[in-house]
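Asker: Taking this note's numbering, I'd label the letters of the sequence shown as residues 637 to 949.
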Amino acid sequence: MSSSSLAASGTQNRAVTNASNWDQQQQQATYGIDNMSIHDAHQRKAQNISTIEENGHQFETTGGYPFQEVAAAIQGTPDQIAGLHAEIQRLRADAEAEQRTLDDMLAQLTSVQEDLDDARARLATKEAECAGLHARLLAGSPQAVMSPGSTHSGLSTATGHSPWAPPQPSPSPEIQQRINELMVGLGIKDELLRAREAELADERNARAQAARELQSAQARAAALEREKRELADMLMTAQAGPSPAEASRQNEEVEQLRQQVQFFKTNSERVGRQVRDLKGTNRRLGEDLAAKARELADERSLSLALKMQTGAA
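#1: CA-CA distance, arginine 912 and glutamine 716?
#2: Do leucine 720 and leucine 871 have their beta-carbon atoms positioned less than 8 Å apart in this structure?
#3: At the level of alpha carbons, what is the spacing between valine 907 and glutamate 888?
#4: May I have the straight-line CA-CA distance separating leucine 745 from aspartate 730, to the nearest angstrom?
#5: CA-CA distance, serine 937 and glutamine 898?
#6: Quick one: any contact between the stretch 738–752 and the stretch 813–822, if contact means 3 or more CB pairs under 8 Å?
#7: DSSP state of serine 879, grouped into three classes?
#8: Pair every Cβ in the stretch 760–769 with every Cβ in the stretch 822–840, then say whether three or more of these pairs are closer than 8 Å.
#9: Judging by CA-CA distance, which residue of Lys943, Ser747, Leu774 is the nearest neighbour of glutamate 839?
#10: So, under 8 Å CB-CB, alanine 853 and leucine 773 are touching, yes? Tell me the CB distance rounded to an integer number of Å.
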């Protein structure tokens, strides 16, 4: 019974140590989010805040000019400039919301890292306690060792039978009670270790989810920055006005449109006159047709009257 207890204790101690080492290696190899990565995340957060504030100031003043002066200087596009300014304000609000989300994620990551460090410290303490208990168990367990030169060995060699081993002496009640207490303590610590492993698994999942959300938020912030730059370019283009070549091309297009309008207007007037002439012609033809119909009716009446007179005669 003492040997089985020693074997169980050694197996559990090695399992605790291997589980701890595997957990630490898995933490470092899978996620790579440690104190240095959190420090880097803080630096990236500070850079994002500086970039957003600098770009926001530049978009707010439109290159150093107040928005009212820019709107007054650009003629013909006040609605467009106002819309661009409103869009920039909306993008700034979105960027600030994204930044707050990043801050919350970093705070959560920092808290999870602190909890993980504390859990690792507690786990190391438990491993030290288990190692001490294992050493005490080995030191307090009696072992029966047979002498290789005993008569029993010679007898077994002479007779060809298996050596006879004397019964193992049973440990004293105090030692047995201590062994039982140690086994109970190891069982409790094993349960605590399994519970802590489950907590660490949940923490790893939470850290992975937070890392994915952080990457998504960073991608969204980059997209907002690109939209800001595009809007700023549009605003600067509207402020600078068209180039001479662009203005010449626009004037040519306007002249072509004016000629087309004049052509359609002249053509419309000509077609209108033709329509009026056709209506007059149709009206005259209708009148002539009605007169011919009346003449035919009169002729038929005269012919009928002549026939009646001739028949009476």
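Glycine included, C-beta positions come from ideal geometry on N, C-alpha and C.
Answerer: In short, the structure shows the following:
#1: Locating residue 912 in the sequence shown gives position 276, counting from the first residue. Locating residue 716 in the sequence shown gives position 80, counting from the first residue. Cα-Cα distance, rounded: 47 Å.
#2: The count along the sequence shown starts at 1 and reaches residue 871 at position 235. The count along the sequence shown starts at 1 and reaches residue 720 at position 84. Leucine 720 is positioned such that its CB atom lies closer than 8 Å to that of leucine 871.
#3: Your numbering for residue 907 matches position 271 in the sequence shown. Your numbering for residue 888 matches position 252 in the sequence shown. So the alpha carbons of these two residues sit roughly 28 Å apart.
#4: If you number the sequence shown from 1, residue 745 lands on position 109. If you number the sequence shown from 1, residue 730 lands on position 94. Distance between the alpha carbons of leucine 745 and aspartate 730 is about 22 Å.
#5: The sequence position of residue 937 within the sequence shown is 301, counting from 1. The sequence position of residue 898 within the sequence shown is 262, counting from 1. When rounded, the distance between both Cα atoms is 58 Å.
#6: no
#7: For this step, residue 879 is matched to residue 243 along the sequence shown. Reduced to three states, the DSSP call for serine 879 is coil.
#8: Cβ pair count under 8 Å is three or more, so yes.
#9: The sequence position of residue 839 within the sequence shown is 203, counting from 1. Its Cα nearest to that of glutamate 839, the residue Ser747 stands out among Lys943, Ser747, Leu774.
#10: Here residue 853 refers to the residue found at position 217 when the sequence shown is read from its first residue. Here residue 773 refers to the residue found at position 137 when the sequence shown is read from its first residue. Actually they are not in contact, since the Cβ atoms of alanine 853 and leucine 773 sit about 53 Å apart, beyond 8 Å.
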